[in-house]
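Colleague: In order, the protein sequence lines correspond to chains A and B. The first sequence runs 4 to 579 under my numbering. The second sequence runs 4 to 579 under my numbering.
Protein chains: 2
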Amino acid sequence: MKKLRIALAQINSTVGYLSGNAKKICSYIKKAKMLKADIVVFPELAITGYPPEDLLLKPQFIKENIDALHEIRAAAKDLSTIVGFVDRNQVIYNAAAVISNGKLVDVYHKRHLPNYGVFDEYRYFKPGKRFPVYNLGGIRIGVNICEDIWREKGPAKIQSLSGAEIIININASPYHEGKLSIRETLLSTRALECRAVIVYVNMVGGQDELVFDGGSLIINRDGNITGRGRQFREELIVADIDIKGPSQKVSDKNKKELKTLLQNDEYIENIKIPSTLKKGQKPAVRQKKFIRMSENEEVYNALLLGTKDYVFKNGFKKVVIGLSGGVDSALVTTIAADALGKENVHGLFMPSAYTSKESYNDAYRHANNLGIKIVTIPIDSIFKEYLKMFSKSFKGLKTDITEENLQARIRGNILMAFSNKFGWLVLTTGNKSEMSVGYATLYGDMAGGFAVIKDVPKTMVYELCKWRNKKEDRDLIPQRILWKEPTAELKPDQRDTDTLPPYPVLDPILKAYVEEDRSFEEILQMECDRECVQKVIKMIDHAEYKRRQAPPGIKITPRAFGKDRRFPITNRYKSY
Amino acid sequence: MKKLRIALAQINSTVGYLSGNAKKICSYIKKAKMLKADIVVFPELAITGYPPEDLLLKPQFIKENIDALHEIRAAAKDLSTIVGFVDRNQVIYNAAAVISNGKLVDVYHKRHLPNYGVFDEYRYFKPGKRFPVYNLGGIRIGVNICEDIWREKGPAKIQSLSGAEIIININASPYHEGKLSIRETLLSTRALECRAVIVYVNMVGGQDELVFDGGSLIINRDGNITGRGRQFREELIVADIDIKGPSQKVSDKNKKELKTLLQNDEYIENIKIPSTLKKGQKPAVRQKKFIRMSENEEVYNALLLGTKDYVFKNGFKKVVIGLSGGVDSALVTTIAADALGKENVHGLFMPSAYTSKESYNDAYRHANNLGIKIVTIPIDSIFKEYLKMFSKSFKGLKTDITEENLQARIRGNILMAFSNKFGWLVLTTGNKSEMSVGYATLYGDMAGGFAVIKDVPKTMVYELCKWRNKKEDRDLIPQRILWKEPTAELKPDQRDTDTLPPYPVLDPILKAYVEEDRSFEEILQMECDRECVQKVIKMIDHAEYKRRQAPPGIKITPRAFGKDRRFPITNRYKSY
Numbered sequence: 004m005k006k007l008r009i010a011l012a013q014i015n016s017t018v019g020y021l022s023g024n025a026k027k028i029c030s031y032i033k034k035a036k037m038l039k040a041d042i043v044v045f046p047e048l049a050i051t052g053y054p055p056e057d058l059l060l061k062p063q064f065i066k067e068n069i070d071a072l073h074e075i076r077a078a079a080k081d082l083s084t085i086v087g088f089v090d091r092n093q094v095i096y097n098a099a100a101v102i103s104n105g106k107l108v109d110v111y112h113k114r115h116l117p118n119y120g121v122f123d124e125y126r127y128f129k130p131g132k133r134f135p136v137y138n139l140g141g142i143r144i145g146v147n148i149c150e151d152i153w154r155e156k157g158p159a160k161i162q163s164l165s166g167a168e169i170i171i172n173i174n175a176s177p178y179h180e181g182k183l184s185i186r187e188t189l190l191s192t193r194a195l196e197c198r199a200v201i202v203y204v205n206m207v208g209g210q211d212e213l214v215f216d217g218g219s220l221i222i223n224r225d226g227n228i229t230g231r232g233r234q235f236r237e238e239l240i241v242a243d244i245d246i247k248g249p250s251q252k253v254s255d256k257n258k259k260e261l262k263t264l265l266q267n268d269e270y271i272e273n274i275k276i277p278s279t280l281k282k283g284q285k286p287a288v289r290q291k292k293f294i295r296m297s298e299n300e301e302v303y304n305a306l307l308l309g310t311k312d313y314v315f316k317n318g319f320k321k322v323v324i325g326l327s328g329g330v331d332s333a334l335v336t337t338i339a340a341d342a343l344g345k346e347n348v349h350g351l352f353m354p355s356a357y358t359s360k361e362s363y364n365d366a367y368r369h370a371n372n373l374g375i376k377i378v379t380i381p382i383d384s385i386f387k388e389y390l391k392m393f394s395k396s397f398k399g400l401k402t403d404i405t406e407e408n409l410q411a412r413i414r415g416n417i418l419m420a421f422s423n424k425f426g427w428l429v430l431t432t433g434n435k436s437e438m439s440v441g442y443a444t445l446y447g448d449m450a451g452g453f454a455v456i457k458d459v460p461k462t463m464v465y466e467l468c469k470w471r472n473k474k475e476d477r478d479l480i481p482q483r484i485l486w487k488e489p490t491a492e493l494k495p496d497q498r499d500t501d502t503l504p505p506y507p508v509l510d511p512i513l514k515a516y517v518e519e520d521r522s523f524e525e526i527l528q529m530e531c532d533r534e535c536v537q538k539v540i541k542m543i544d545h546a547e548y549k550r551r552q553a554p555p556g557i558k559i560t561p562r563a564f565g566k567d568r569r570f571p572i573t574n575r576y577k578s579y
Numbered sequence: 004m005k006k007l008r009i010a011l012a013q014i015n016s017t018v019g020y021l022s023g024n025a026k027k028i029c030s031y032i033k034k035a036k037m038l039k040a041d042i043v044v045f046p047e048l049a050i051t052g053y054p055p056e057d058l059l060l061k062p063q064f065i066k067e068n069i070d071a072l073h074e075i076r077a078a079a080k081d082l083s084t085i086v087g088f089v090d091r092n093q094v095i096y097n098a099a100a101v102i103s104n105g106k107l108v109d110v111y112h113k114r115h116l117p118n119y120g121v122f123d124e125y126r127y128f129k130p131g132k133r134f135p136v137y138n139l140g141g142i143r144i145g146v147n148i149c150e151d152i153w154r155e156k157g158p159a160k161i162q163s164l165s166g167a168e169i170i171i172n173i174n175a176s177p178y179h180e181g182k183l184s185i186r187e188t189l190l191s192t193r194a195l196e197c198r199a200v201i202v203y204v205n206m207v208g209g210q211d212e213l214v215f216d217g218g219s220l221i222i223n224r225d226g227n228i229t230g231r232g233r234q235f236r237e238e239l240i241v242a243d244i245d246i247k248g249p250s251q252k253v254s255d256k257n258k259k260e261l262k263t264l265l266q267n268d269e270y271i272e273n274i275k276i277p278s279t280l281k282k283g284q285k286p287a288v289r290q291k292k293f294i295r296m297s298e299n300e301e302v303y304n305a306l307l308l309g310t311k312d313y314v315f316k317n318g319f320k321k322v323v324i325g326l327s328g329g330v331d332s333a334l335v336t337t338i339a340a341d342a343l344g345k346e347n348v349h350g351l352f353m354p355s356a357y358t359s360k361e362s363y364n365d366a367y368r369h370a371n372n373l374g375i376k377i378v379t380i381p382i383d384s385i386f387k388e389y390l391k392m393f394s395k396s397f398k399g400l401k402t403d404i405t406e407e408n409l410q411a412r413i414r415g416n417i418l419m420a421f422s423n424k425f426g427w428l429v430l431t432t433g434n435k436s437e438m439s440v441g442y443a444t445l446y447g448d449m450a451g452g453f454a455v456i457k458d459v460p461k462t463m464v465y466e467l468c469k470w471r472n473k474k475e476d477r478d479l480i481p482q483r484i485l486w487k488e489p490t491a492e493l494k495p496d497q498r499d500t501d502t503l504p505p506y507p508v509l510d511p512i513l514k515a516y517v518e519e520d521r522s523f524e525e526i527l528q529m530e531c532d533r534e535c536v537q538k539v540i541k542m543i544d545h546a547e548y549k550r551r552q553a554p555p556g557i558k559i560t561p562r563a564f565g566k567d568r569r570f571p572i573t574n575r576y577k578s579y
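#1: I want to verify the contact list: residues of chain B whose CB lies under 7 Å from the CB of alanine 450 of chain A, in sequence order.
#2: For the alpha helix (DSSP H) holding asparagine 97 of chain B, just list the boundary residues, first then last.
#3: Along the beta strand (DSSP E) that carries aspartate 510 of chain B, what are the first and last residues, could you check?
#4: Taking Cβ positions, are threonine 402 of chain B and alanine 420 of chain A nearer each other than 8 Å?
#5: Give a yes or no on whether 8 Å exceeds the smallest Cβ distance from tyrosine 125 of chain B to chain A.
#6: For lysine 156 of chain B, collect the residues of the same chain with a Cβ closer than 6 Å to its Cβ; drop the 5 residues on either side in sequence, then sort them by chain order.
#7: Taking all protein chains shown into account, do 16 or more other C-beta atoms lie within 10 angstroms of the C-beta of threonine 336 of chain A, making it buried, or fewer, making it exposed?
#8: By alpha-carbon positions, which one of A/Ile413, A/Gly374, A/Gln537, A/Phe352 ends up nearest to alanine 366 of chain A?
#9: How about isoleucine 14 of chain B and methionine 296 of chain B: are their beta carbons less than 8 Å apart?
#10: Please confirm if valine 253 of chain A has its CB atom under 8 Å from at least one CB of chain B.
#11: What separation, rounded to the nearest whole angstrom, lies between the Cα atoms of proline 481 of chain A and tyrosine 363 of chain A?
#12: If you draw a straight line from the C-alpha of glutamate 56 of chain B to the C-alpha of cysteine 149 of chain A, how long is it?
#13: Beta carbon of valine 517 of chain A, beta carbon of serine 436 of chain A: below 8 Å?
#14: Do we get a CB-CB distance below 8 Å when we pair lysine 538 of chain A with the residues of chain B?
#15: Does proline 177 of chain A have its Cβ less than 8 Å from a Cβ in chain B?
#16: Have a look at B/Val101, B/Asp520, B/Ser16 and flag the residue whose alpha-carbon is nearest the alpha-carbon of arginine 236 of chain B.
#17: Starting from the Cα of alanine 370 of chain A, find the closest Cα among A/Asn408, A/Met392, A/Val323, A/Ser355 and give me that residue.
#18: Report the neighbours of serine 522 of chain B on chain A: residues whose CB is nearer than 7 Å to its CB, in chain order.
#19: Going by CA-CA distance only, name the one from A/Arg233, A/Gly232, A/Ile142 that's closest to isoleucine 274 of chain A.
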């Protein structure tokens with residue numbers, strides 16, 4: 004029985020912040036050494052942050068990322084280190100550096116480059132063609148990167164056939180609802196197939212529309228989870244891993260199987276790493292036990308981390324939110340207060356002639372519950388001044404959507420003026436149901452820097468509010484906000500249902516069309532009102548131009564808008 | 004000597020408009036038949052339009068595109084037809100259907116999938132692995148698609164080694180300045196290498212940010228251009244091609260070379276197509292001679308076609324533009340009038356206290372020269388009403404960028420109100436220099452549906468205005484607009500140069516950093532003022548959040564903003 008003490012550094016890198024990320028990596032190496040780890044592992048592209056996007060096209064950036072790697076290498080004495088960076092050799096690779104006692108022993112190149120969903124890795128990288136197994140004091144280790152482990156006959160299988168007892172898989176795997184379960188099932192299957200321990204290290208943190216959720220995992224060769232990193236938190240997980248039996252030479256049977264798997268690629272049996280295994284008895288590390296978050300808790304925490312990192316990583320300290328007394332702005336404000344601290348959240352209440360007394364009361368009551376500042380700026384006199392200016396040009400024409408949008412845009416302007424004057428970031432409050440059908444005003448309620456719940460369907464907005472209230476065991480978000488009928492209050496007696504089907508009908512149609520690419524006939528099988536389905540699809544297709552100008556927001560579903568769903572604006576396709 | 008009459012159908016497809024595109028294709032087949040063509044060739048993905056983006060993920064869309072192909076097939080009697088569509092066989096392929104006399108003879112799958120710049124083809128397609136040569140009545144033809152011809156040892160070479168005398172290459176190749184020259188050089192080289200005639204058929208038309216410029220080409224085996232389609236115009240080009248000598252069997256030497264080129268791929272020597280060669284003497288087709296456009300003419304026409312197609316394909320008839328009396332709005336208005344007809348262009352002049360008499364005169368004079376309607380809506384009283392509302396919240400604070408932006412946003416609101424009320428599309432007037440450094444107001448002058456000159460640097464804006472004036476031999480755009488100093492007129496005596504270096508200094512820095520990914524040191528070698536370069540780069544990096552919310556606009560440079568340059572907003576990289 005051999006023992007390996009491994010440290011999983013589930014860190015929060017910032018895209019482009021080469022010096023800062025390197026410094027953070029060095030500090031985690033130091034911590035790992037203090038805890039007597041034999042090896043410390045960092046996430047995919049930990050040095051550059053993920054995804055660096057077109058920064059990768061800048062030769063200067065690539066060079067400086069390699070400089071940063073060598074800084075880290077020099078600091079990584081007395082243990083082994085695996086760290087993600089961009090390797091260069093004419094072309095560039097998504098790579099893992101294998102460092103031992105201050106020396107760069109080898110570099111692994113990611114084989115399987117995701118180019119779907121939010122991923123564009125073929126835009127930048129070439130795939131690797133070489134699958135080494137490292138020998139660290141008699142323990143055989145295969146290293147690979149993210150997507151590599153998702154392939155049944157991929158690098159993990161190749162490395163285990165060539166003798167690897169541990170597979171270290173480094174990741175920058177973005178969160179969506181239910182992703183952790185998918186990962187657990189996959190990794191458990193892979194461990195059993197490979198008869199190897201799998202060490203899965205994930206990045207943590209928000210990057211524009213993505214949230215990396217941490218939740219690193221250690222799976223034993225029987226497919227059971229033996230270690231777990233926290234979700235949505237930076238931390239160093241240290242674990243002692245038992246390796247069964249002595250390492251073996253690659254059998255002839257394995258060689259045969261390798262040959263069919265590899266085609267033009269290459270396996271390498273045994274790259275010796277100068278041993279950094281610590282000698283002698285070490286006090287055992289106490290494995291903390293975490294329980295996976297519930298679904299609502301998970302989503303809420305993703306929104307929280309995504310908001311916090313967007314705001315702070317972009318150099319803002321405070322935010323401002325338009326409070327309407329409705330459920331969307333209530334949820335966004337609650338998230339903001341939880342993420343940034345109540346003292347950093349400003350609410351603006353901007354009533355018009357159509358704003359009800361209830362809205363006022365609900366907005367103020369909620370703001371007071373949260374302990375945030377709230378100010379009222381009425382928009383009516385400005386609105387009237389616009390109408391006066393339009394009186395000649397619009398003479399004889401009926402009041403229509405123009406005047407509704409105008410009110411929303413005045414509010415947008417006011418929020419932006421506060422943003423400009425005080426340096427507060429504007430958080431918008433639109434949800435995914437609205438974004439889908441375009442039930443929102445460009446430059447109005449869509450105006451702002453970050454759209455916190457852009458990917459949260461309206462029905463889930465209610466769920467999250469209820470979950471948050473329950474957590475505190477009080478009506479932090481006033482009950483009336485949760486049961487009153489949704490309204491934009493842009494004309495007398497307006498209700499969302501004047502324009503849209505009720506949300507419990509709408510949301511499943513949206514999911515089927517937007518996230519699952521269901522055909523019109525398939526959708527009709529779940530919602531038989533043909534006219535309703537046609538209308539909804541038409542609205543979704545037509546609203547693409549609005550979404551293109553929307554601020555970024557946090558992906559929490561399997562398919563968000565933004566780079567996750569790339570749709571033409573000019574598009575005459577009709578599926579109905 | 005064999006003769007082939009070929010028709011190049013350089014058509015303007017609309018993305019997603021399967022029925023409309025199929026109908027257009029059928030009408031061109033009919034025309035080609037009337038002109039006694041032996042074969043008619045359509046662009047890449049002519050049936051779906053290009054690029055269909057995530058429509059390709061919808062199984063219903065793929066099915067209906069194949070239905071459309073079979074409609075076309077049935078109509079394509081008595082000649083051969085090559086047409087681009089999406090083929091499906093578990094996965095999907097960017098494909099060319101080879102139809103002869105109403106029968107689908109074969110399907111070619113694109114081998115080289117571009118996944119750089121504006122292209123995402125690995126997101127959708129699998130690469131082809133099969134390189135057939137078709138035998139049409141003794142004439143051997145290789146068919147391939149777009150990117151395929153850009154590879155020296157790619158499909159064209161393989162097909163010519165296996166006996167092809169003509170290479171038909173179908174395209175949806177987007178325009179940028181100078182692209183046609185690059186294509187001509189490339190195709191000429193390829194023809195010489197392959198000792199084959201190259202028939203290059205390109206799509207034409209605007210699709211969101213892209214303009215396909217047509218300009219189809221016929222190159223003889225000596226590398227000379229013998230036929231040319233018009234730039235930026237839909238048309239059917241008919242040409243008689245002489246094929247030298249009898250077709251030969253593939254030599255052993257070629258077989259050897261093929262083996263090294265092909266690796267896992269397959270060549271196929273001789274797929275017989277039921278001959279559709281027309282018997283007997285045909286009156287010769289008269290080859291029209293076109294001269295390539297000059298650079299300015301090219302760019303101007305790209306902007307014109309891009310604007311026209313965006314407006315009309317999206318169902319608009321009229322546009323509205325904020326006229327400031329400056330050069331940017333002057334150019335956009337001129338393009339709009341040329342593209343849509345003067346009766347479809349509305350100008351709004353929206354003066355504030357800082358607007359000069361000159362601006363008023365210049366805007367009106369230009370509008371009158373164009374013959375477009377212009378209306379004045381002053382913004383000052385609305386501006387004052389906002390300030391009144393802010394007086395308490397902003398008490399004691401200095402006037403700053405807040406008040407400047409507010410004026411721009413009031414103008415944005417007014418334009419959008421006219422858009423909502425009358426159904427006019429708002430064209431924005433920002434140029435690439437402004438977009439680069441963020442010298443523009445979100446929801447202000449950036450508010451609108453289409454950003455015509457978003458990719459045109461300021462120095463080129465002047466060039467284009469001068470070119471347009473010269474073309475008409477009169478000051479369509481008043482001279483003063485061309486020589487007065489640029490100003491946003493958002494505060495007293497404001498000049499662009501208060502904030503930015505002069506445009507002839509700024510534009511080369513922008514090109515080096517944005518389009519060419521030059522390092523800081525390289526840029527310093529061209530512009531030695533270190534502080535100035537630092538400031539400009541900082542502004543570019545910082546403005547990403549604005550660009551993300553900008554309307555789409557026409558790509559005319561090798562690298563535009565939008566999907567051509569994918570940058571993180573959260574980004575702490577500093578190259579300086």
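Note that beta-carbon positions come from the ideal geometry of N, C-alpha and C, so glycine has one too.
Modeller: The relevant details are as follows:
#1: To locate residue 450 of chain A, count along the first sequence from 1; it is residue 447. Going along chain B in sequence order, the residues near alanine 450 of chain A (Cβ under 7 Å) are Tyr446.
#2: As a position in the second sequence, residue 97 of chain B is number 94, starting the count at 1. Looking at the DSSP string, asparagine 97 of chain B is not in any alpha helix (DSSP H); the run it does join, the beta strand (DSSP E), is 94-103.
#3: In the second sequence, residue 510 of chain B corresponds to position 507, counting from 1. Aspartate 510 of chain B -> not in any beta strand (DSSP E); alpha helix (DSSP H) instead, spanning 506-513.
#4: The count along the second sequence starts at 1 and reaches residue 402 of chain B at position 399. The count along the first sequence starts at 1 and reaches residue 420 of chain A at position 417. Not closer than 8 Å, so no.
#5: Position 122 of the second sequence holds residue 125 of chain B. With 8 Å as the cut-off, tyrosine 125 of chain B counts as an interface residue toward chain A.
#6: Counted from its first residue, the second sequence places residue 156 of chain B at position 153. So the qualifying residues of the chain are Leu264.
#7: Along the first sequence, one-based indexing puts residue 336 of chain A at 333. Buried.
#8: Stepping through the first sequence from its first residue, residue 366 of chain A is reached at position 363. Selected option, being the one with the closest Cα: A/Phe352.
#9: Along the second sequence, one-based indexing puts residue 14 of chain B at 11. Along the second sequence, one-based indexing puts residue 296 of chain B at 293. For isoleucine 14 of chain B and methionine 296 of chain B, no; Cβs fall outside 8 Å.
#10: Within the first sequence, numbered from 1, the residue matching residue 253 of chain A stands at position 250. False, the Cβ-Cβ gap to chain B never drops below 8 Å.
#11: Here residue 481 of chain A is taken as the residue at index 478 of the first sequence, counted from 1. Here residue 363 of chain A is taken as the residue at index 360 of the first sequence, counted from 1. For proline 481 of chain A and tyrosine 363 of chain A, the distance between alpha carbons rounds to 12 Å.
#12: Working through the second sequence from its first residue, we reach residue 56 of chain B at position 53. Working through the first sequence from its first residue, we reach residue 149 of chain A at position 146. Taking the straight line from one Cα to the other gives about 26 Å.
#13: Looking up residue 517 of chain A in the first sequence gives position 514. Looking up residue 436 of chain A in the first sequence gives position 433. Not in contact: valine 517 of chain A and serine 436 of chain A (Cβ atoms no closer than 8 Å).
#14: In the first sequence, residue 538 of chain A corresponds to position 535, counting from 1. No, no contact with chain B.
#15: Here residue 177 of chain A corresponds to residue number 174 of the first sequence, with the count starting at 1. With 8 Å as the cut-off, proline 177 of chain A does not count as an interface residue toward chain B.
#16: For the purposes of this step, residue 236 of chain B is taken as residue 233 along the second sequence, with counting starting at 1. Arginine 236 of chain B has its Cα closest to that of B/Ser16, out of B/Val101, B/Asp520, B/Ser16.
#17: As a first step, residue 370 of chain A must be located in the first sequence, where it is residue number 367. Among A/Asn408, A/Met392, A/Val323, A/Ser355, the Cα nearest to that of alanine 370 of chain A belongs to A/Val323.
#18: Residue mapping note: residue 522 of chain B aligns to position 519 of the second sequence, counting from 1. Correct list: Pro62, Gln63.
#19: On the first sequence, residue 274 of chain A is found 271 positions in, with the first residue counted as 1. Ranking A/Arg233, A/Gly232, A/Ile142 by Cα distance to isoleucine 274 of chain A puts A/Ile142 first.
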